[in-house]
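Below is one structure, written out as C-alpha cells, with a few remarks after it.
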Amino acid sequence: MSTGPTGSSGPSRRKDSSRGNLPRSGAFPSCTPPASPVVENPEVNVHSATSRISVPLVILLGTLTGIAPLGTDMYLAAFPQMTHDLGTTASQVQLTLSAFMAGLAIGQIVVGPLSDQWGRRLPLVVCSLVCVLATAGCAVAPTVHLLIALRFLMGFSGAAGVVLARSAVTDLTEGQQTTRYMNFMMMVNGISPVLAPTLGGIILGFAPWRTVFWVLTAMTLAMALGVLFLFPESLPRERRHGGGLRTSGRGIARILRRPAYVAYMLAFVFSFGTLFSYISGSTYVLQNNLGMSATEYALVFAVNSFGILAFSWVSNVLLRKYRPQGIGLAGILVSNAATLVFLALACFGLSLVLTLLCLFATAAAQGLVFGNATSLALQQGRDYAGASSALVGGLQALMGGLVSPLVSSAGEHAVLPMAGMMVGCSGVALILFLLASRVFEPRTRSVPPRATGENDV
Numbered sequence: 001m002s003t004g005p006t007g008s009s010g011p012s013r014r015k016d017s018s019r020g021n022l023p024r025s026g027a028f029p030s031c032t033p034p035a036s037p038v039v040e041n042p043e044v045n046v047h048s049a050t051s052r053i054s055v056p057l058v059i060l061l062g063t064l065t066g067i068a069p070l071g072t073d074m075y076l077a078a079f080p081q082m083t084h085d086l087g088t089t090a091s092q093v094q095l096t097l098s099a100f101m102a103g104l105a106i107g108q109i110v111v112g113p114l115s116d117q118w119g120r121r122l123p124l125v126v127c128s129l130v131c132v133l134a135t136a137g138c139a140v141a142p143t144v145h146l147l148i149a150l151r152f153l154m155g156f157s158g159a160a161g162v163v164l165a166r167s168a169v170t171d172l173t174e175g176q177q178t179t180r181y182m183n184f185m186m187m188v189n190g191i192s193p194v195l196a197p198t199l200g201g202i203i204l205g206f207a208p209w210r211t212v213f214w215v216l217t218a219m220t221l222a223m224a225l226g227v228l229f230l231f232p233e234s235l236p237r238e239r240r241h242g243g244g245l246r247t248s249g250r251g252i253a254r255i256l257r258r259p260a261y262v263a264y265m266l267a268f269v270f271s272f273g274t275l276f277s278y279i280s281g282s283t284y285v286l287q288n289n290l291g292m293s294a295t296e297y298a299l300v301f302a303v304n305s306f307g308i309l310a311f312s313w314v315s316n317v318l319l320r321k322y323r324p325q326g327i328g329l330a331g332i333l334v335s336n337a338a339t340l341v342f343l344a345l346a347c348f349g350l351s352l353v354l355t356l357l358c359l360f361a362t363a364a365a366q367g368l369v370f371g372n373a374t375s376l377a378l379q380q381g382r383d384y385a386g387a388s389s390a391l392v393g394g395l396q397a398l399m400g401g402l403v404s405p406l407v408s409s410a411g412e413h414a415v416l417p418m419a420g421m422m423v424g425c426s427g428v429a430l431i432l433f434l435l436a437s438r439v440f441e442p443r444t445r446s447v448p449p450r451a452t453g454e455n456d457v
C-alpha cells in the first residue's frame, strides 16, 4: 500500500506526512536523507543506531523477555502447599496462573501500541516498578482472591518488558543485525525455562511458597534497576505517533494489512504452538507412558531447553553466510520431520530413544525459527514497532492458552493429541513461512536499495 508523496522531498520513497511522522522543524535538505522517516517499505530508509546497543543492554533485554517462564515455572510445584495455606481449592490456585498469563497477553496489546506514542523508556520504567510491587504483594497476599488480582497485575506490568525489549531492538537495529540481536536475546531468554523450575524446586525444598515470590521480587527489582541505568530511549520524539488510542488502532490496522508481516508473525506463533504442545503433554507421555521419573523428566526438559539455546547460537553463526529466511525455513523443516516421526511413533508404538530424539529435534529446531521469524515480522512493521511486537507477543500467549488445555485435558492419553497438535502447528508454520518469504516479502521490495548495505546470500 502507499500514500501520497510529501511534495518537498522529491524521492520516490513515500511517506504519510499527514500522520505526523516527520519532524516539525521543516523540510530536510535534499542532500541529506531524513534520519527517521516512516515508510511503507519497512526494509529501506530506516533509523539505524546499532552502536548504542551494548552487551549488558542485550543481556538486560533478554532477561526482560524471560518474565513469563520465571513467573510461571518457579512456583508450579508449590500449588499443593498454596492450596493448604490459603485454605482454598486447587482450581482457585490454578487461577493465579491463568490470571498471570491473561495479564501478560493483555499487557502486551496495551503497552506496545502506546509506546509508539510515548516512547519506550517511560512505560518500561513505570511498569518495571509496578511489577516489583505486584510481585512483593504476591508474597504477602493473605487470600487467594487478592493473589489472583496481584498475579494479573504482575503479568500486565511484566508484559512491558517482553514487548518493549523486542521493540527496542527493532528501533536500534535493522536487517540481519536485528535478527542477530533477536537470536542473542533468545539465547539469554532460553536460560529462564531451565533455571526457573530448578530454582523453584530448590527453594521449596527448604522454604515455604511465599519465599519463591520474595526471590521473584528480588529478580524483578534487579530488572527494574537495569532498566533505570541501562535502558536508553530508543524511539526519538520525531518518530513517535501522536493522536491517542485511535492512532494506535490505525497503526495496528495498517500493519495487519501487510501480508508479509502477518505471515511471518503467524509462522512464529504456530511454531510456538508446536513447542507448547510438547511442553503441555510431555509430562504425561514421558512419565506416564514411558515410565520416566520426575528427576529424569526434569533432566530431559533441561536438555531440550538447552537445545533451543544452543541452536539460537548456531543461527547467529549461520547468519554470517545465510539469510534469516533460509535459516528459519531449515528449522521449520526439521520440526516438521521430527513431529511426523513422533506422530508415527504415537500411532504404532512409542520407543523411548526415538521419542526423546524427536522431542529434542522439535525443541532445538525452534532455536533456528523463533529469532528469525520474529525479526522478519518486526522488520515488516518497524514503523509501528510497539504495535508489531504487541501482536506477536499477544498472539503467542493466546496460542499457549489454546494449545495447553487441548493437549493436557487428555491426561495420560495425551500422546496422540500432543503429536497431532505438534504436526498441525508445524505444518501450518511451514506454509505461512513459505508464503511470507517466497510470495509476500518479495512484493515489498519495490525500492531496491537497503539501508544496511547488506547483500543477500
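UniProt numbering numbers the first residue of the sequence shown as 1 and each following residue consecutively.
Think of the CB as a built atom: it goes at the ideal place given N, C-alpha and C, for glycine as much as any other residue.
Please read these numbers as outputs of a predicted model, since none were measured by experiment.
query	result
Secondary structure of residue 62, DSSP reduced to three states	helix
Same chain, Cβ closer than 6 Å to residue 166, five either side skipped, listed in chain order	389
With 16 other Cβ atoms within 10 Å as the buried cut-off, status of residue 145	exposed
Beta carbon of residue 368 nearer than 8 Å to that of residue 358	no
Spatially closest choice to residue 467 from 79, 221, 127, by CA coordinates	Here the chain comprises residues numbered 1 to 457, so residue 467 is not present and cannot be evaluated.
Within 8 Å, strictly: CB atoms of residue 168 and residue 120	yes
Among 260, 299, 76, 298, nearest to residue 434 - alpha-carbon criterion	260
Reduced DSSP secondary structure (H/G/I, E/B, other) of residue 394	helix
Residue 265 beta carbon less than 8 Å from that of residue 377	yes
The region 197-206 contacting the region 128-139, beta-carbon criterion three pairs below 8 Å	no
Option nearest residue 427 by Cα separation, candidates 272, 199, 401	272
Touching by the beta-carbon criterion (3+ pairs, under 8 Å), the region 409-419 and the region 227-238	no
For residue 150 and residue 114, the rounded distance between their alpha carbons	23 Å
Distance, residue 103 Cα to residue 156 Cα	4 Å
Distance CB(residue 356)-CB(residue 289) smaller than 8 Å	no
First and last residue of the uninterrupted alpha helix (DSSP H) at residue 157	144-172
Residue 366 beta carbon less than 8 Å from that of residue 275	yes
Cβ-based burial, residue 519 [other Cβ within 10 Å; buried from 16]	Since the displayed the chain opens at 1 and closes at 457, residue 519 lies outside it and no answer follows.
The region 173-190 contacting the region 396-407, beta-carbon criterion three pairs below 8 Å	no
Coil, strand or helix - residue 441 by DSSP	helix
Validate contact between the region 247-258 and the region 378-388 using beta carbons, cut 8 Å, 3 pairs	yes
Environment of residue 94 [buried if 16+ CB atoms lie within 10 Å]	exposed
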